[in-house]
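According to full-length UniProt numbering, the residues represented by the sequence shown are 1 to 112, in order. By construction, the Cβ of each residue, glycine as well, lies at the ideal position given by its N, Cα and C atoms. Owing to the predicted nature of the structure, the values given are computational and were not obtained by experimental measurement. Have a look at the structure below, then the notes.
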Amino acid sequence: MKKYGDYEFVVIPLSPERLLERGFNQVEGLVEAAGFSFQDLLGKREEKASSSKNRSERLATEIPFYIKTEAPLPKKILLIDDIYTTGATINRVKRLFEEGGVLEVKTFSLVR
């Protein structure tokens, strides 16, 4: 991740319900433990957990994420998620940032 020093790190957020249940976002904790910081640019609306959906349900689900800021977005983002299953989440969020004007979005998942 050091090679992405000129990128702003953005962590895929948990739903408010899941965050309340766990008390923390494990990806945020790992990023911070590795000595990196991240930008809190994404919010997530409540929905049924992706882990309880099958592949076709995941791909058909409307994107529950939104950009939280009206401020200009960074030019380069490294988007970090915990698990890459179908790629639906990370690819939809990547597209959301690209449509918002981010010039380069790279993705990183802890597990595939």
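{"Query": "Length of the line joining the Cα atoms of R18 and D40", "Result": "17 Å"}
{"Query": "I83 beta carbon less than 9 Å from that of L110", "Result": "yes"}
{"Query": "The region 26–33 / the region 93–107 touching (three or more Cβ pairs under 8 Å)", "Result": "no"}
{"Query": "Alpha-carbon to alpha-carbon, E62 and T69", "Result": "21 Å"}
{"Query": "Supposed contact pair L78 and F9 - C-beta distance, whole angstroms, cut 8 Å", "Result": "5 Å"}
{"Query": "P74 classed as buried or exposed, judged by whether at least 16 other C-beta atoms fall within 10 angstroms", "Result": "buried"}
{"Query": "Collapsed DSSP secondary structure at I83 in the structure displayed", "Result": "strand"}
{"Query": "Simplified DSSP state of L14, which is helix, strand or coil", "Result": "coil"}
{"Query": "Residue closest to K3, alpha-carbon to alpha-carbon, out of G87, E99, Y66 and K76", "Result": "K76"}
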